[in-house]
Amino acid sequence: MLRTFSFALTLIFFSASFHVVHSGPTTGDFPGTTLNASSDQGLSIDFELCGLSIQQDVVGDEMFDHFSIEGEGFTYEDGLPILPAVTRLVVVPPDAGIELVVQADEPRRIRSGRRPLICEDENYPATFSFSD
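Going by our numbering, 809 is the number at position 70 of the sequence shown; the sequence numbering is gapless.
This is the structure we're talking about:
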């Protein structure tokens, strides 16, 4: 039961776009990833994030705040702000156990006179690109 819960929790927190397949120290291909230890018994991996950046973007005649984390994706849900999304996927063999330890910084509130960009419909991500 605990094993199933741990695995489900892992999939919820780290769900999609980042693949790590262990066949020796391959973490050099993935910026922000460090292989701490590896043996027949298991491995220890650290994932580091780049800092949060905030840019101002103009859409139509209105200015918005654009929040991003370098190398990460975005959330696109109708009617909600487009915000950075961090995902990690670690493939775990079905007969192996897993222990997930998440360490997070203290949350912080960013005040701004502008609102974040809002996703208006399902096609919004396909029709809009952020300026650099």
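For every residue, glycine included, the Cβ atom is placed at its ideal position computed from N, Cα and C.
Strand pairing of residue i, partner residues [DSSP]
| i | result |
| --- | --- |
| Leu774 | Ile784 |
| Leu791 | Ile808 |
| Ile857 | Pro820 |
| Glu801 | Val798 |
Nearest-angstrom beta carbon gap, residue j and residue i [assumed within contact, 8 Å]
| i | j | result |
| --- | --- | --- |
| Val825 | Ile808 | 7 Å |
| Arg854 | Phe803 | 6 Å |
| Cys858 | Leu819 | 6 Å |
Sequence-distant residues of the same chain with beta carbon closer than 6 Å to residue i, five excluded per side
| i | result |
| --- | --- |
| Phe752 | Legend: pLDDT at Phe752 = 47, less than 50; position of this residue unreliable, no value from coordinates given. |
| Glu924 | No answer is possible for residue 924: the residues shown for the chain start at 740 and end at 871. |
| Gln794 | His805 |
Sequence-distant residues of its chain with Cβ nearer than 7 Å to residue i (five each side left out)
| i | result |
| --- | --- |
| Phe813 | Ile821, Leu822, Pro823 and Ala824 |
| Ser851 | Asp804 |
Cβ neighbour criterion (16 or more within 10 Å) applied to residue i
| i | result |
| --- | --- |
| Leu856 | buried |
| Cys789 | exposed |
Spatial neighbours of residue i in its chain, beta-carbon cut-off 8 Å, leaving aside the 5 residues before and after
| i | result |
| --- | --- |
| Ser792 | Phe806, Ser807, Ile808 and Glu809 |
| Glu816 | Cys858 |
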